[in-house]
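J.:
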Amino acid sequence: MREDVKNLKSVFEPSSIAVIGASPTTGKLGNVVLKNILDSNFEGKVYPVNPKYQNVLGLKCAPDVHSIDGKPDLAIFAIPAELIPDVMEQCGKKGVKGAIVLSAGFGEIGRKDLDQKLAAIVRKYKIALIGPNCLGALNPANRVDTLFFPFYKLGRPRIGDISFVTQSGAVGSCIVDMAAYFGIGFAKFVSYGNGLTLDESDIIEYFGADEHTKQILLYLEGTKDGRKLLEVMKKVNKRKPIIALKAGKGAGASKAAMSHTGNLAGNYTAYQAAFRQAKAIEVNSLAELFHAVNAFSQPFPKGNRVAVLTDGGGLGVLTADALEAESMRLAELSPATVKVIKSILPPYGNVGNPIDIIADSGPDQYRKALDALLADDGVDTIIVIVLFQAPALDSSILDIIVTASDQRKKPIFTVAVGGEYTNESRKVLDRYGVPSYDSPDFAVKALKRFTDYGSFLSKKKK
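According to this note's numbering, the sequence shown is numbered sequentially starting from 104.
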């Protein structure tokens, strides 16, 4: 691992942060970033830097980097692009090892001269540079929040084991906000923008060695070094799943990606081949990227035999269709399981798979059915479909599902379709590590990728 890659520790775990371009003016980039750092209760020292002010947000403001009373681990740049190389030189001399350049105006608009000048300085001092033209970085466990979106507009995820690498700040902010809403935890997040000296491969390599990261999300528009990306993914994906979304697949989209970050989008078929070769998990939409996240908090299934438990027949049929489309199998229930299911159904009920325990079933029917399915050796995974709108169900159904999942005998996926009441229930499940989906299709696609990766790991061990 290169020295500047190792220095990403100063980005994610700094003991002190300098905000270059700190401002008292509400709405200014340097104001929002500084306020977010303070509001996140960062425990280290914070140094505002701006020659225009003596104090910013109650902190003494240094006129320049040389005048800072201390040595910052991390410097965040919220100043015009033309000024950044000279200030970066000051940071290098000061001993700064991590830098985040939020500012745009570099190679993505044709300023290759600025790119070259900044890159030379960063490499000379082995500074870990995120950006330019990026959203920033986040580490909930260390209370490091350098994003430039305010708290009241963008939620922040709780502490977790997912790390997200994104080329796009906009895409990153969407996933971060959704994760916060559904209670899904992040280990680290970084929007790397143009990736001038540290690109997606370097950050994936760092997350691969990070003990707090158990799975890696990747949003990618283009890369400067496809071979490097392939080799890093092959190495890391043997230990931690990489879930990747490639944008810029067509000619028009490729052109848009190039103008966005200055990276070559390249031939999409080459990216597909690289993902397959590395056994990375490719998804095809932003929704799929988000929906794949929570699945990996569970034990891997032993096979692809799925039991579907539902109190709504139609949703069970849709789930069966989705399973067939993804080449997953409906499990054949054991005689013992069939006996239990018969005991909880009315006389006119029909035992099969999907298992329809009808809409007037209560939490106890779900509990008995789940216990039987967990004990059935012919079932590898359980999909539980819940109509939270049903009158016989109350909040105890959530406890029953979470308790079944906590036994960690088999993965349990849930599907619940509805409005506000249903989504609030889904949030509880997600918060407790039970993946929930608002569509059978999303649940089954996530399950398929989860099962395939588990099979890949199992074959590796053999």
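Virtual Cβ for every residue (Gly too), placed ideally from N, Cα, C.
1) What is the DSSP secondary structure of Arg432, counted as helix, strand or coil?
2) Whole angstroms are fine: how far does the CA of Ser266 sit from the CA of Pro235?
3) Would Asn110 and Lys291 qualify as a contact pair, given that the criterion is a beta-carbon distance under 9 Å?
4) So, Gly133 versus Ile182, is the Cβ gap smaller than 9 Å?
5) Is it buried or exposed, Tyr540, if we count other Cβ atoms within 10 angstroms and call 16 or more buried?
6) If you draw a straight line from the alpha carbon of Asn297 to that of Ala231, how long is it in whole angstroms?
7) Can you tell me whether Pro438 is buried or exposed? The criterion is at least 16 other CB atoms within 10 Å of its CB, across all chains shown.
8) Can you grab the Cα-Cα spacing for the pair Asp302 / Gly311, in whole Å?
9) Measuring CB atoms only, is the segment 253-268 touching the segment 370-377, in the sense that at least three cross pairs come out at less than 8 Å?
10) Lys338 to Ala398, Cα distance in whole Å?
11) So, under 8 Å CB-CB, Leu321 and Ile345 are touching, yes? Tell me the CB distance rounded to an integer number of Å.
12) How is the alpha helix (DSSP H) around Ser561 delimited, first residue to last?
13) When the distance is taken between beta carbons, is Gly415 closer than 9 Å to Ile458?
14) Could you tell me how far apart the beta carbons of Gly275 and Ser294 are, in whole angstroms, since I believe they sit closer than 8 Å?
15) Is Ala425 near Ala546, with beta carbons less than 9 Å apart?
16) Looking only at its own chain, which residues have a Cβ that is under 7 Å from the Cβ of Phe393, when we skip the five neighbours before and after it?
17) Leaving out five residues on either side along the sequence, give the residues of the same chain with a beta carbon under 8 Å from the beta carbon of Lys563.
18) Check whether the segment 124-139 touches the segment 173-182, taking contact to mean three or more Cβ pairs, one atom from each stretch, closer than 8 Å.
19) Assign Ser170 to one of three DSSP states: helix, strand, or coil.
20) Could you give the first and the last residue of the continuous beta strand (DSSP E) run that contains Pro151?
21) Of all the alpha helix (DSSP H) runs that stay within the bounds of the segment 270-354, which reach a length of 4 or more residues?
22) Please classify Asn153 as buried or exposed, where buried requires at least 16 neighbouring CB atoms within 10 angstroms.
23) I need the straight-line Cα distance from Phe115 to Leu490, nearest angstrom please.
24) Locate the alpha helix (DSSP H) running through Ser508, then write down its first and last residues.
25) Using only the alpha-carbon positions, how far apart do Ala283 and Gly263 sit?
26) Check for me: the beta strand (DSSP E) holding Arg261 runs from which residue to which?
27) Determine the direct distance from the alpha carbon of Gln193 to that of His169, and round the result to whole angstroms.
28) Which one of Val482, Lys200 and Ile140 has the shortest CA to CA distance from Gly239?
29) Where does Ala202 land, buried or exposed, given buried means 16+ other C-beta within 10 angstroms?
30) Note down the Cα distance separating Ala410 from Met104, rounded to an integer number of angstroms.
31) Starting from Ser113, trace the alpha helix (DSSP H) both ways and give me its first and last residue.
32) So, at 7 Å on beta carbons, what are the nonlocal neighbours of Ala423 in its own chain, with the 5 sequence-adjacent residues on each side left out?
33) Measuring CA to CA, which of Glu385, Met336 and Ala376 is closest to Lys349?
34) Write down every uninterrupted run of the alpha helix (DSSP H) in the segment 174-233 whose length is 4 residues or greater and which is fully enclosed by it, in chain order.
35) Ignore the nearest five residues each way along the sequence and tell me which others in Asn407's own chain have a CB closer than 6 Å to its CB.
36) With distances taken Cα to Cα, identify the nearest neighbour of Ala499 among Val482, Ser464, Lys513 and Val441.
T.: In this structure, then:
1) The residue labelled residue 432 in the question sits at position 329 within the sequence shown. Judged by DSSP in its simplified three-state form, Arg432 adopts strand.
2) Here residue 235 refers to the residue found at position 132 when the sequence shown is read from its first residue. Here residue 266 refers to the residue found at position 163 when the sequence shown is read from its first residue. Pairing Pro235 with Ser266, the inter-Cα distance amounts to about 20 Å.
3) Locating residue 110 in the sequence shown gives position 7, where the first residue counts as 1. Locating residue 291 in the sequence shown gives position 188, where the first residue counts as 1. Not a contact, by the Cβ cut-off of 9 Å.
4) Within the sequence shown, residue 133 is the residue found at index 30, counting from 1. Within the sequence shown, residue 182 is the residue found at index 79, counting from 1. A contact, by the Cβ cut-off of 9 Å.
5) For the purposes of this step, residue 540 is identified with residue 437 of the sequence shown, where counting begins at 1. Buried: at least 16 other Cβ atoms inside 10 Å.
6) As a first step, residue 297 is located in the sequence shown; it is residue number 194 there, counting from the start. As a first step, residue 231 is located in the sequence shown; it is residue number 128 there, counting from the start. Roughly 14 Å between the two C-alpha positions.
7) Walking along the sequence shown from the start, residue 438 turns up at place 335. Exposed, since its Cβ has fewer than 16 Cβ neighbours within 10 Å.
8) The residue labelled residue 302 in the question sits at position 199 within the sequence shown. The residue labelled residue 311 in the question sits at position 208 within the sequence shown. Across the structure, Asp302 and Gly311 are spaced so that their CA atoms are roughly 14 Å apart.
9) Using a Cβ-Cβ distance cut-off of 8 Å, the segment 253-268 and the segment 370-377 are not in contact, since fewer than three pairs of beta carbons, one from each stretch, lie closer than that value.
10) Within the sequence shown, numbered from 1, the residue matching residue 338 stands at position 235. Within the sequence shown, numbered from 1, the residue matching residue 398 stands at position 295. Straight-line Cα distance between these residues: approximately 22 Å.
11) Translated into the one-based positions of the sequence shown, residue 321 becomes position 218. Translated into the one-based positions of the sequence shown, residue 345 becomes position 242. Distance from Leu321 to Ile345 at the Cβ level is roughly 6 Å; contact confirmed, criterion being Cβ atoms closer than 8 Å.
12) Numbered from 1 along the sequence shown, position 458 holds the residue referred to as residue 561. Run containing Ser561: Pro543 to Lys564, per the alpha helix (DSSP H) assignment.
13) Here residue 458 is taken as the residue at index 355 of the sequence shown, counted from 1. Here residue 415 is taken as the residue at index 312 of the sequence shown, counted from 1. No, these two residues do not count as a Cβ contact at 9 Å.
14) Taking the first residue of the sequence shown as 1, we reach residue 275 at position 172. Taking the first residue of the sequence shown as 1, we reach residue 294 at position 191. That pair is a contact at about 4 Å.
15) For the purposes of this step, residue 425 is taken as residue 322 along the sequence shown, with counting starting at 1. For the purposes of this step, residue 546 is taken as residue 443 along the sequence shown, with counting starting at 1. Closer than 9 Å, so yes.
16) Your numbering for residue 393 matches position 290 in the sequence shown. Hits under 7 Å: Ile278 and Met281.
17) As a first step, residue 563 is located in the sequence shown; it is residue number 460 there, counting from the start. Answer for Lys563: Lys341, listed in chain order.
18) Yes: the two stretches touch, three or more of their Cβ pairs being nearer than 8 Å.
19) By one-based count along the sequence shown, residue 170 stands at place 67. Residue state for Ser170 is assigned as helix, using DSSP reduced to three classes.
20) Counted from its first residue, the sequence shown places residue 151 at position 48. Element bounds for Pro151: Lys148 to Val152.
21) Fully enclosed alpha helix (DSSP H) runs of 4 or longer: 272-285, 303-312 and 329-339.
22) For the purposes of this step, residue 153 is taken as residue 50 along the sequence shown, with counting starting at 1. By the neighbour-count rule (16 or more Cβ atoms within 10 Å), Asn153 is buried.
23) As a working note, residue 115 is residue 12 in the sequence shown. As a working note, residue 490 is residue 387 in the sequence shown. When rounded, the distance between both Cα atoms is 41 Å.
24) Taking the sequence shown and counting its residues from 1, the one referred to as residue 508 is at position 405. For Ser508, the enclosing alpha helix (DSSP H) has its first and last residue at Ser499 to Asp509.
25) Residue numbering aside, residue 283 sits at position 180 when the sequence shown is read from its first letter. Residue numbering aside, residue 263 sits at position 160 when the sequence shown is read from its first letter. Taking the straight line joining both Cα atoms gives about 11 Å.
26) Counting from 1 along the sequence shown, the entry for residue 261 is found at position 158. Run containing Arg261: none; DSSP gives neither H nor E here.
27) Position 66 of the sequence shown holds residue 169. Position 90 of the sequence shown holds residue 193. In a straight line, the C-alpha of His169 is about 7 Å away from that of Gln193.
28) Along the sequence shown, one-based indexing puts residue 239 at 136. For the options Val482, Lys200 and Ile140, the alpha carbon positioned closest to that of Gly239 is the one of Ile140.
29) Here residue 202 corresponds to residue number 99 of the sequence shown, with the count starting at 1. It is buried - the Cβ of Ala202 has at least 16 other Cβ atoms within 10 Å.
30) The sequence position of residue 410 within the sequence shown is 307, counting from 1. The sequence position of residue 104 within the sequence shown is 1, counting from 1. Looking at the two C-alpha atoms, the distance is approximately 44 Å.
31) Position 10 of the sequence shown holds residue 113. Per DSSP, Ser113 is one residue of the alpha helix (DSSP H) stretching across Lys112 to Phe115.
32) Taking the sequence shown and counting its residues from 1, one reaches residue 423 at position 320. Within the same chain, Ala423 has close Cβ partners Val411, Leu433 and Pro457.
33) If you number the sequence shown from 1, residue 349 lands on position 246. Comparing Cα-Cα distances from Lys349 to each of Glu385, Met336 and Ala376, the minimum goes to Glu385.
34) Within the segment 174-233, the runs of alpha helix (DSSP H) at least 4 residues long that lie entirely inside it are, in chain order, 187-197 and 215-228.
35) Residue mapping note: residue 407 aligns to position 304 of the sequence shown, counting from 1. For Asn407, where only same-chain residues beyond five positions count, the Cβ hits under 6 Å are Met431, Arg432 and Thr554.
36) As a first step, residue 499 must be located in the sequence shown, where it is residue number 396. Reading the sequence as shown, one finds Ser at residue 499 and not Ala. Comparing Cα-Cα distances from Ser499 to each of Val482, Ser464, Lys513 and Val441, the minimum goes to Ser464.
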